[in-house]
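Enquirer: Residue numbers (the UniProt record's numbering), protein chains in the order written: chain A, 1 to 286; chain B, 1 to 286. Before I ask anything, here is the structure I am working with.
Protein chains: 2
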Amino acid sequence: MDAHLRDLRYFLAVAEHLHFTRAAEELYVSQPALSKQIRALEKQLRVSLFERDHRDVRLTAAGKALVPHAQAVLSAWHAAEQALLTAANTLVVGMSTAPGRGLLPAVRARLSDVSLQVRQVPWHDPTGGLAAEETDAAFVWLPMPAPERYRWVTVATEPRLVALPATHRLAAQTTVDFADLLDEPFLALPTSSGALRDYWLAVDARPDRPVTVGAEIANTEETVEAVTAGLGVCLIAAGNTSLIARDGVVVRPVGNLAPGELVLAWRRDDRRPLLAALVAAVRASL
Amino acid sequence: MDAHLRDLRYFLAVAEHLHFTRAAEELYVSQPALSKQIRALEKQLRVSLFERDHRDVRLTAAGKALVPHAQAVLSAWHAAEQALLTAANTLVVGMSTAPGRGLLPAVRARLSDVSLQVRQVPWHDPTGGLAAEETDAAFVWLPMPAPERYRWVTVATEPRLVALPATHRLAAQTTVDFADLLDEPFLALPTSSGALRDYWLAVDARPDRPVTVGAEIANTEETVEAVTAGLGVCLIAAGNTSLIARDGVVVRPVGNLAPGELVLAWRRDDRRPLLAALVAAVRASL
DNA sequence: ACGCTGTGATAACCAAGTGGCATGGACGCG
DNA sequence: CGCGTCCATGCCACTTGGTTATCACAGCGT
């Protein structure tokens, strides 16, 4: 009988990690839920896919046999989704941070025959979904990993400000000097975001001293939360001030910090006219 | 996001028939259920797949684009299932009618290292799931359609008896002459079963006069039901007497009717040693 | 016009599926 | 022996998928 594609994703995650708890984390579900789904899948297929004991998890012969086929099914489905988007003249645009500034409405107006699907992508992916081909274009902050694989157009160049708890000793000042922040714990992007993490920690602007990371943040809510809780301070782009400066969070300009560059990026090898039209529309709307 | 493979089957069924009611029948679900699922699929994919009005249903461009991909996904999954069965040393054996006679336990005993998955197949498929590659071997009654595609070994040769309502005028006799049944309405297999339908209607044994079909039957329960309800009489194999002769149904021998042949069949082009082992075990168990 | 027929959509309801949290229980380790 | 790790289980809430009954609409025949 037919399975849910989700179960195949679950299966592959467990097969990859050989560890239910970690696979569950990656999938953003609880470990019991994952356990239960895998058991259900095994029951449905009438085959045991994993041998588990308290020490570790191994693939059975059947499990090993399933891995490539599960991958094939999922990639066939991915192709199907792509075909649908093409058929519907739709581009998926990832957004690490909202470009804001009225840009999107202007672009949509110029591309009335193209439907744009805007998708918020979590911050652990510095390519905004481009690398995994989950998006066709993405608003991301430089630097990007593997820049030779992408092209981009700058959308905004904005100073980096610092977000502080309202109760912070520096919150009283109208401007903060970066030197005064050196000993503060900083909120950081997940390590998977690579050079971008360092960029928002302003590692370049620091003397040769390790940064203290107070917490990792993966979206706006977590950031506000973490700053309010005093877990650390955080550099943000000027354009995002309104998203962050609320409740107990204040935002202050920082002296002597190079501005950040928000770009619309796309895969260099993606030469679809539809995408070119999007890029042209964005350029024209700046 | 990921879909349920069932939804793809549903989609393909509607795409093929361009008719919700008929597709629903084929899928053995109600028409509203199918309608709802297709709507949900469209909503999930954010694309409309069909244009419907009261007269007919048409595929949209997106729908047309999805068809081949949906087929690809399903066939990839089919391959996955096959791989699992191979990995688990499992053969799927279809059963139009239980071979009974203690055959299956004997075969299992001889094939302790092979796991047999026995599956009841509905009577509208005279190949017992072999044609659709849903089974690796099947216990079916001759004649088979496209016999050049299959091989088989005879498992039992059994007289055909007639099942009658207990209240039937002929039920009082210990033996029934087929001539006395000519004017009776008969229960028939679905038309899709082709020559097999004629076989169990004993068309060969009739003078050139059309058969009256009282109802179509697709499994044992329906048969008992229909006979009891007096919708018609029905030829059955001697070995199935115990399945049918209950409640208000009696079974009587019929004079002058060639016996039926129950065979284990498999696809001629299927040369897997595992299958050969099954055939050998069946032969040895006769 | 009027009612019948065929067809998809909708409503109300119920069962099964899916997820979360708390907790259990087996094993290895200091 | 207690503790930590890690998968399984029990229980509960919410969602999903299915059923039946009914509606709405368009042709069609009278």
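Positions of the beta carbon are idealized from the N, C-alpha and C atoms, including for glycine. The structure displayed is predicted, hence computed values, not measured ones.
Check whether the Cβ atoms of residue 157 of chain A and residue 253 of chain A lie closer than 7 Å to each other.
Expert: On the first sequence, position 157 is the one that residue 157 of chain A refers to. On the first sequence, position 253 is the one that residue 253 of chain A refers to. Not a contact, by the Cβ cut-off of 7 Å.
Enquirer: Evaluate residue 221 of chain A with the Cβ neighbour count: other Cβ atoms within 10 Å of its Cβ, from every protein chain shown; 16 or more gives buried, anything less gives exposed.
Expert: For the purposes of this step, residue 221 of chain A is taken as the residue at position 221 of the first sequence. Under this definition residue 221 of chain A is an exposed residue.
Enquirer: For chain B, check one thing: does any of its Cβ atoms lie closer than 7 Å to the Cβ of residue 45 of chain A?
Expert: Start at 1 with the first residue of the first sequence, and residue 45 of chain A comes out as number 45. Yes, its Cβ sits closer than 7 Å to a Cβ of chain B.
Enquirer: Taking Cβ-Cβ distances below 9 Å as the criterion, which residues of the region 78 to 93 of chain A are in contact with chain B?
Expert: Cβ contacts with chain B come from 79, 80, 81, 82, 83, 84, 85, 86, 87, 88, 90.
Enquirer: Distance, Cα to Cα, residue 279 of chain A vs residue 33 of chain A?
Expert: Along the first sequence, one-based indexing puts residue 279 of chain A at 279. Along the first sequence, one-based indexing puts residue 33 of chain A at 33. Spanning the two alpha carbons is a distance of roughly 42 Å.
Enquirer: What residues in its chain sit with their C-beta under 8 Å from that of residue 282 of chain B, if we drop five residues either side in the sequence?
Expert: Taking the first residue of the second sequence as position 1, residue 282 of chain B is located at position 282. Excluding residues within five positions, the ones whose Cβ falls inside 8 Å are 103, 107, 153, 155, 264.
Enquirer: The alpha helix (DSSP H) with residue 28 of chain A in it runs from where to where?
Expert: Here the question's residue 28 of chain A lines up with position 28 in the first sequence. Here residue 28 of chain A belongs to no alpha helix (DSSP H), and DSSP marks it neither H nor E.
Enquirer: Do residue 100 of chain A and residue 119 of chain A have their C-beta atoms within less than 7 Å of each other?
Expert: The count along the first sequence starts at 1 and reaches residue 100 of chain A at position 100. The count along the first sequence starts at 1 and reaches residue 119 of chain A at position 119. For residue 100 of chain A and residue 119 of chain A, no; Cβs fall outside 7 Å.
Enquirer: Which same chain residues, not among the five before or five after residue 143 of chain B, have their C-beta less than 7 Å away from its C-beta?
Expert: Residue 143 of chain B sits at position 143 when you count from the first residue of the second sequence. The residues are 195, 196, 199.
Enquirer: Do we get a CB-CB distance below 7 Å when we pair residue 69 of chain B with the residues of chain A?
Expert: As a first step, residue 69 of chain B must be located in the second sequence, where it is residue number 69. Yes, because at least one Cβ of chain A sits closer than 7 Å to the Cβ of residue 69 of chain B.
Enquirer: Please give me, in chain order, every unbroken run of the beta strand (DSSP E) with length at least 3 that falls completely inside the region 166 to 209 of chain B.
Expert: Those beta strand (DSSP E) runs which fall completely within the region 166 to 209 of chain B and span 3+ residues are 186 to 188.
Enquirer: Quick check on the DSSP output: what are the complete alpha helix (DSSP H) runs of length 4 or more inside the region 219 to 259 of chain A, in order along the chain?
Expert: 220 to 228, 241 to 244
Enquirer: Just to confirm, are residue 31 of chain B and residue 20 of chain B a CB contact at a threshold of 7 Å?
Expert: Here the question's residue 31 of chain B lines up with position 31 in the second sequence. Here the question's residue 20 of chain B lines up with position 20 in the second sequence. Yes, they are a contact pair.
Enquirer: Determine whether the Cβ of residue 118 of chain B lies closer than 7 Å to any Cβ atom of chain A.
Expert: In the second sequence, the residue the question calls residue 118 of chain B occupies position 118. No - not a single Cβ of chain A is within 7 Å of the one on residue 118 of chain B.
Enquirer: I need the straight-line Cα distance from residue 276 of chain B to residue 216 of chain A, nearest angstrom please.
Expert: For the purposes of this step, residue 276 of chain B is identified with residue 276 of the second sequence, where counting begins at 1. For the purposes of this step, residue 216 of chain A is identified with residue 216 of the first sequence, where counting begins at 1. Cα to Cα, residue 276 of chain B sits roughly 60 Å from residue 216 of chain A.
Enquirer: Taking residue 73 of chain A as the query, report the chain B residues whose CB atoms sit under 7 Å from its CB, ordered along the chain.
Expert: Here the question's residue 73 of chain A lines up with position 73 in the first sequence. Neighbours of residue 73 of chain A on chain B, chain order: 73, 76, 77, 80.
Enquirer: In the DSSP assignment, what are the bridge partners of residue 158 of chain B?
Expert: As a first step, residue 158 of chain B must be located in the second sequence, where it is residue number 158. Its beta-bridge partners are B:260.
Enquirer: Look at residue 257 of chain B and residue 160 of chain B and say whether their C-beta atoms are less than 7 Å apart.
Expert: Counting from 1 along the second sequence, the entry for residue 257 of chain B is found at position 257. Counting from 1 along the second sequence, the entry for residue 160 of chain B is found at position 160. Yes, they are a contact pair.
Enquirer: Does DSSP classify residue 77 of chain A as helix, strand or coil?
Expert: Locating residue 77 of chain A in the first sequence gives position 77, where the first residue counts as 1. It is helical.
Enquirer: How do the region 160 to 171 of chain B and the region 112 to 126 of chain B stand: do at least 3 beta-carbon pairs fall below 8 Å, yes or no?
Expert: no
Enquirer: DSSP on residue 121 of chain B, reduced to helix/strand/coil?
Expert: Taking the second sequence and counting its residues from 1, one reaches residue 121 of chain B at position 121. If DSSP states are grouped into helix, strand and coil, residue 121 of chain B belongs with coil.
Enquirer: By DSSP, does residue 21 of chain B sit in helix, in strand, or in coil?
Expert: As a working note, residue 21 of chain B is residue 21 in the second sequence. Correct three-state label for residue 21 of chain B: helix.
Enquirer: Can you tell me which of the three DSSP states residue 327 of chain A falls into?
Expert: Beyond the ends of chain A as shown, which are 1 and 286, falls residue 327 of chain A; an answer cannot be given.
Enquirer: Between which two residues does the alpha helix (DSSP H) harbouring residue 277 of chain A extend?
Expert: Position 277 of the first sequence, counted from the first residue, corresponds to residue 277 of chain A. Here the alpha helix (DSSP H) through residue 277 of chain A covers 273 to 285.
Enquirer: For the region 47 to 59 of chain B, enumerate the residues whose C-beta is nearer than 7 Å to any C-beta of chain A, in chain order.
Expert: 47
Enquirer: Between the region 3 to 16 of chain A and the region 41 to 56 of chain A, are three or more C-beta pairs nearer than 8 Å?
Expert: yes
Enquirer: Buried or exposed: where does residue 135 of chain B fall if 16 or more other Cβ atoms within 10 Å of its Cβ makes it buried?
Expert: Locating residue 135 of chain B in the second sequence gives position 135, counting from the first residue. Per the 10 Å Cβ criterion, buried.
Enquirer: Is residue 258 of chain A near the ligand GTP, with its Cβ less than 6 Å from a heavy atom?
Expert: Ligands are entirely absent from the displayed structure, and the ligand GTP is therefore not among its contents.
Enquirer: Measure the CB-CB distance between residue 62 of chain A and residue 87 of chain B and report whether it falls below 7 Å.
Expert: The residue you call residue 62 of chain A lines up with position 62 of the first sequence. The residue you call residue 87 of chain B lines up with position 87 of the second sequence. Yes. Within cutoff.
Enquirer: Expressed to the nearest angstrom, what Euclidean distance is found between the alpha-carbon atoms of residue 247 of chain B and residue 128 of chain B?
Expert: Within the second sequence, residue 247 of chain B is the residue found at index 247, counting from 1. Within the second sequence, residue 128 of chain B is the residue found at index 128, counting from 1. Rounded to whole angstroms, the gap between the alpha carbons of residue 247 of chain B and residue 128 of chain B is 28 Å.
Enquirer: Cutting at 7 Å between CB atoms, please list the residues of its own chain near residue 243 of chain A, excluding the five before and the five after it.
Expert: Counting from one through the first sequence, the residue named residue 243 of chain A turns up at place 243. 220.
Enquirer: Going along chain B, which residues have a C-beta under 8 Å from residue 62 of chain A?
Expert: Walking along the first sequence from the start, residue 62 of chain A turns up at place 62. Chain B residues near residue 62 of chain A: 84, 87, 88.
Enquirer: Counting only beta-carbon separations shorter than 7 Å, does residue 6 of chain B have a partner in chain A?
Expert: As a working mapping, residue 6 of chain B is identified with position 6 in the second sequence. It does: the Cβ of residue 6 of chain B has a partner Cβ on chain A nearer than 7 Å.
Enquirer: Starting from the Cα of residue 273 of chain A, find the closest Cα among A:114, A:67, A:73 and give me that residue.
Expert: Position 273 of the first sequence, counted from the first residue, corresponds to residue 273 of chain A. Answer by Cα proximity: A:114.
Enquirer: Taking residue 66 of chain A as the query, report the chain B residues whose CB atoms sit under 9 Å from its CB, ordered along the chain.
Expert: Here residue 66 of chain A refers to the residue found at position 66 of the first sequence. Those within 9 Å of residue 66 of chain A in chain B are 80, 83, 84, 87.
Enquirer: Near residue 1 of chain A, what residues of its chain come up, given a Cβ to Cβ distance below 8 Å and the 5 sequence neighbours on each side ignored?
Expert: Start at 1 with the first residue of the first sequence, and residue 1 of chain A comes out as number 1. 44.
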